[in-house]
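Chains as they are written, first to last, in the numbering used here: chain P, 1 to 169; chain H, 1001 to 1070; chain Z, 2001 to 2360. Glycine is no exception: its CB is placed at the ideal position from the N, C-alpha and C atoms. To start, the structure under review is shown below, and the notes come after it.
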Amino acid sequence: MLLEINPLVLPDPGLMIWSTLAFLILLFVLGKFAWKPIMKAISEREQGINDSLATAEKVRAEMAQLKSDNEILLVQAREERAQILKEAKEIKDKMINEAKEQAKEAAGKIMADTQQAIENQKMAALIDLKNQVGNMVVEVSEKILRRELSNKPEQENYIKQLTNEIKLN
Amino acid sequence: MVVGSVAAIGAGLAAIGAGIGIGQIGKGAVEGIARQPEAANEIRTNMIVAAALVEAVSLFAVVVALLGNG
Amino acid sequence: MVAVFSICICFYHNASFAQNADTNQVTEQHHNTDQKEEGDFDVAGTILDHIRDDHSWHLWGHTSVHLPVILKTDKGFEVFSSSRLSDEHHQPVVYNGNYPYKQIDGKIKVMNADGSINAEASKKVFDISITKNVVSMFITVFLLIFVFLGVAKAYKKAGVTSAPKGFQSFIEPIILFIRDEVAIPYLGERHVRFLPYLLTIFFFIWINNLLGLVPFFPGGANVSGNIAFTLTLALFTFVIVNINGKKDYWRHIFWMPGLSTGMKIFLMPIELLGVFIKPISLTIRLFANMTAGHILVLSLISLVFIFKAVSASAMAVPFTVFISVIELLVGFIQAFIFAMLSALYIGMAIEEHHEQDLVL
Chain P
1 MLLEINPLVL PDPGLMIWST LAFLILLFVL GKFAWKPIMK AISEREQGIN
51 DSLATAEKVR AEMAQLKSDN EILLVQAREE RAQILKEAKE IKDKMINEAK
101 EQAKEAAGKI MADTQQAIEN QKMAALIDLK NQVGNMVVEV SEKILRRELS
151 NKPEQENYIK QLTNEIKLN
Chain H
1001 MVVGSVAAIG AGLAAIGAGI GIGQIGKGAV EGIARQPEAA NEIRTNMIVA
1051 AALVEAVSLF AVVVALLGNG
Chain Z
2001 MVAVFSICIC FYHNASFAQN ADTNQVTEQH HNTDQKEEGD FDVAGTILDH
2051 IRDDHSWHLW GHTSVHLPVI LKTDKGFEVF SSSRLSDEHH QPVVYNGNYP
2101 YKQIDGKIKV MNADGSINAE ASKKVFDISI TKNVVSMFIT VFLLIFVFLG
2151 VAKAYKKAGV TSAPKGFQSF IEPIILFIRD EVAIPYLGER HVRFLPYLLT
2201 IFFFIWINNL LGLVPFFPGG ANVSGNIAFT LTLALFTFVI VNINGKKDYW
2251 RHIFWMPGLS TGMKIFLMPI ELLGVFIKPI SLTIRLFANM TAGHILVLSL
2301 ISLVFIFKAV SASAMAVPFT VFISVIELLV GFIQAFIFAM LSALYIGMAI
2351 EEHHEQDLVL
């Protein structure tokens, strides 16, 4: 061999045997008694954390759902209230209008009735007056006719007297 | 003695190569971090790994130098 | 960084020599009379001595733990303490077991009667000693088993719903990091099967890297910077990749679909080579990175001894601290990269290709 190999880079078989032994012992002991329980615990913990997170997310989503439901309900209630108010106002206006119409109608009817009654009364009064005037005329004519025959001046006075009497009436 | 000196020169040349390589890695990493500061941690890890790999190549050369320097 | 480092060395070299030229000469002469090696400090030798595997573990001063030597020879197994291989001055001496053994550069060799190395007989001796690296490796193993069994118990006791507490809260993000950044992106649904392997290899390499950075007793061994160690781990990945390789994986190696026959034949050796290059690159990457870190730290500390002045530590210690902090990062990154590339290779092997992919 041309170059002599530095002992530093020449693997020593004895040490290799011991290294193999040490590593195999370590691999066996740790693999059986350390890594298995540790990895199991870690993965279980991670599983637990993931589950908790998932649950929290679910609850949050439910809360959001609930909240949006509430909001929808609120909006609906508001709409309903507005609707009811509107309807009430309409009913009110309608009632007022009806009342007004009725009142007008009633008033008109009363007026008409009253006018009718006045007319009737007037007619009755006129008829009565005509009758009375007729009667008076007949009475006066009777008296005049009776006195005319006796005395002319007296007759004249008498007419005047009668006329005054009528005036006094 | 001559073999030892040649080996030393070889090791020195390997160090130059590794120096350039690690310099490039550092440059790339710093530029990367400046461009994306939020990825700084990831870049740093990869930089260290790459630097260690480059460094190892130069150490291979040193070992080869040692082989002849028995 | 390397450039700055070099300039500092040059600068400091001149400055310290200007200041301490006279003192240096005096101390050199003084020490030369005491110990003949002190004057000329062998940096490369010392560093190699520190990053090499060893049969004894130096604790402090003149105290070391002598680890058992186990040899398999053609005359059977042989176990003795490594203290037999050195005298009271820490100089290697010959130990007469089945053969006369002597430690040469950390390796046990068979000697001839005249004091030269018997290369022929040395090859037959198979050294499976419990070395410094082996002890360090088992310290890591026990540390990891202790820590993770405790963590696993905490998970069992506290139940699955509670948040992690104490050490558990430190470990869990790292486990999740490996799972989310390494296993899932490259292995997808099938990550559960390979996750234990990836986690084990990551933590094993990481803790070994960290222990290697500790300069005194429980650490200090250069385990993850030893090529035998990294090669073993890379071979584990290699075996797992090729055992789990699906039909598509092998077809892509030997008979790349969607290409002309000539191209298929041309690509076959390249792809086949790639199968073996992958573990080799894993081996060398980890080995070279960790060894380079150790060499760097030791070189900086050696500055104090090169200049033979305590004032040199004013420069060397901050640099060492700086490099050690970088090595902390490198230790993590290399463990991560080893795990990541293992995941990538396994992912490539178990991938089921679709018809659209074949055209690309």
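Check whether the Cβ of residue i lies closer than 9 Å to any Cβ atom in chain P.
{"i": "Ser2129(Z)", "result": "yes"}
{"i": "Leu2059(Z)", "result": "no"}
{"i": "Arg2052(Z)", "result": "yes"}
{"i": "Ala2152(Z)", "result": "yes"}
{"i": "Pro2363(Z)", "result": "The question about residue 2363(Z) has no answer, for chain Z in this structure spans 2001 to 2360."}
{"i": "Glu2172(Z)", "result": "yes"}
{"i": "Asp2087(Z)", "result": "no"}
{"i": "Val2192(Z)", "result": "yes"}
{"i": "Ile2070(Z)", "result": "yes"}
Among the options, which has the Cα closest to the Cα of residue i?
{"i": "Phe28(P)", "options": "Ile2227(Z), Ala2349(Z), Lys2124(Z) and Leu2199(Z)", "result": "Leu2199(Z)"}
{"i": "Lys17(P)", "options": "Phe2080(Z), Thr2131(Z), Leu2067(Z) and Ile2201(Z)", "result": "In the sequence as presented, Lys is not what sits at residue 17(P); that position holds Ile. Of Phe2080(Z), Thr2131(Z), Leu2067(Z) and Ile2201(Z), the residue nearest in Cα terms is Thr2131(Z)."}
{"i": "Ile2346(Z)", "options": "Ile2301(Z), Ala2309(Z) and Val2275(Z)", "result": "Val2275(Z)"}
{"i": "Pro45(P)", "options": "Pro2068(Z), His2089(Z) and Leu2176(Z)", "result": "Pro is not the amino acid found at residue 45(P); the sequence shown has Arg there. For the residues Pro2068(Z), His2089(Z) and Leu2176(Z), the minimum Cα distance to Arg45(P) belongs to Leu2176(Z)."}
{"i": "Leu26(P)", "options": "Asp2054(Z), Ser2342(Z), Phe2146(Z) and Met2111(Z)", "result": "Phe2146(Z)"}
{"i": "Leu2059(Z)", "options": "Phe2216(Z), Tyr2186(Z) and Phe2167(Z)", "result": "Phe2216(Z)"}
{"i": "Phe1060(H)", "options": "Leu2300(Z), Val2317(Z), Phe2319(Z) and Ile2277(Z)", "result": "Ile2277(Z)"}
{"i": "Ile1945(Z)", "options": "Leu2143(Z), Glu2181(Z) and Ile2243(Z)", "result": "Outside the shown range of chain Z, which is 2001 to 2360, sits residue 1945(Z), and nothing can be said about it."}
Against chain H, with Cβ distances strictly below 9 Å, would residue i count as a contact?
{"i": "Ile2368(Z)", "result": "For residue 2368(Z) there is no data in the structure shown, the boundaries of chain Z being 2001 and 2360."}
{"i": "Val2239(Z)", "result": "no"}
{"i": "Ser2342(Z)", "result": "no"}
{"i": "Leu2296(Z)", "result": "no"}
{"i": "Ser2299(Z)", "result": "no"}
{"i": "Gln2103(Z)", "result": "no"}
{"i": "Ala2158(Z)", "result": "no"}
{"i": "Ala2292(Z)", "result": "yes"}
{"i": "Glu2181(Z)", "result": "yes"}
{"i": "Ser2281(Z)", "result": "yes"}
Per DSSP, which one or two residues make a beta bridge with residue i?
{"i": "His2058(Z)", "result": "Ser2064(Z)"}
{"i": "Lys2109(Z)", "result": "Lys2102(Z)"}
{"i": "Asp2049(Z)", "result": "Answer by DSSP bridge pairing: none, since Asp2049(Z) is not bridged."}
{"i": "Glu2361(Z)", "result": "Past the boundaries of the shown model lies residue 2361(Z); chain Z is included only from 2001 to 2360, so the question cannot be answered."}
{"i": "Asp2127(Z)", "result": "Leu2071(Z)"}
{"i": "Tyr2095(Z)", "result": "Tyr2101(Z)"}
Within the same chain, show all residues whose beta-carbon is closer than 7 Å to that of residue i, passing over the 5 residues directly before and after it, in chain order.
{"i": "Arg2052(Z)", "result": "Gly2106"}
{"i": "Phe2041(Z)", "result": "Phe2305 and Ile2306"}
{"i": "Ala2061(Z)", "result": "Note that residue 2061(Z) is Gly in the sequence shown here, rather than Ala. Once the five neighbours on either side are set aside, Gly2061(Z) has no close Cβ partner at all."}
{"i": "Ala2335(Z)", "result": "Phe2202, Ile2205, Trp2206 and Asn2209"}
{"i": "His2030(Z)", "result": "Unreliable placement is indicated for His2030(Z), whose pLDDT of 39 sits below 50; the coordinate value is still reported in the next sentence. So the list is empty, once near-sequence residues are dropped."}
{"i": "Leu2195(Z)", "result": "Arg2179 and Ala2183"}
{"i": "Ile2007(Z)", "result": "Unreliable positioning characterises Ile2007(Z) in this predicted model, as indicated by a pLDDT of 36, which lies under 50. The coordinate reading is nonetheless provided below. So no residue of the chain qualifies."}
So, under 8 Å CB-CB, residue i and residue j are touching, yes? Tell me the CB distance rounded to an integer number of Å.
{"i": "Thr2237(Z)", "j": "Leu2282(Z)", "result": "6 Å"}
{"i": "Met2315(Z)", "j": "Leu2303(Z)", "result": "7 Å"}
{"i": "Ala1018(H)", "j": "Val1057(H)", "result": "7 Å"}
{"i": "Leu2329(Z)", "j": "Pro2279(Z)", "result": "Not really, about 25 Å apart at Cβ, beyond 8 Å."}
{"i": "Ser2324(Z)", "j": "Leu2213(Z)", "result": "6 Å"}
{"i": "Leu2286(Z)", "j": "Thr2230(Z)", "result": "4 Å"}
{"i": "Phe2077(Z)", "j": "Gly2097(Z)", "result": "About 11 Å separates the two Cβ atoms, so there is no contact after all."}
Using 9 Å as the limit for Cβ to Cβ distance, is residue i near chain Z?
{"i": "Leu15(P)", "result": "yes"}
{"i": "Leu8(P)", "result": "yes"}
{"i": "Val1062(H)", "result": "yes"}
{"i": "Glu1055(H)", "result": "yes"}
{"i": "Ile72(P)", "result": "no"}
{"i": "Leu2(P)", "result": "Since pLDDT at Leu2(P) reaches only 42, below the 50 mark, its modelled position is unreliable, and the value read off the structure follows with that caveat. It does not: the Cβ of Leu2(P) has no partner Cβ on chain Z nearer than 9 Å."}
{"i": "Ala41(P)", "result": "yes"}
{"i": "Ala56(P)", "result": "no"}
{"i": "Leu27(P)", "result": "yes"}
{"i": "Val1049(H)", "result": "yes"}
{"i": "Ala1039(H)", "result": "no"}
{"i": "Leu53(P)", "result": "no"}
{"i": "Leu30(P)", "result": "yes"}
{"i": "Ile84(P)", "result": "no"}
{"i": "Asp69(P)", "result": "no"}
Can you find the residues in the same chain that come closer than 6 Å, C-beta to C-beta, to residue i, ignoring five residues on each side of it along the sequence?
{"i": "His2050(Z)", "result": "Leu2298"}
{"i": "Glu2327(Z)", "result": "Leu2213 and Gly2293"}
{"i": "Met2186(Z)", "result": "Looking at the sequence shown, residue 2186(Z) is not Met but Tyr. So the qualifying residues of the chain are Ala2343, Leu2344 and Gly2347."}
{"i": "Ser19(P)", "result": "none"}
In chain order, what residues of the same chain lie with their CB nearer than 8 Å to the CB of residue i, ignoring the 5 residues before and after it?
{"i": "Val1054(H)", "result": "Ala1018, Gly1021, Ile1022 and Ile1025"}
{"i": "Gly1028(H)", "result": "Met1047"}
{"i": "Ala2152(Z)", "result": "none"}
Along chain C, in chain order, which residues have C-beta atoms closer than 9 Å to that of residue i?
{"i": "Asn2289(Z)", "result": "The structure shown contains no chain C; its protein chains are P, H and Z."}
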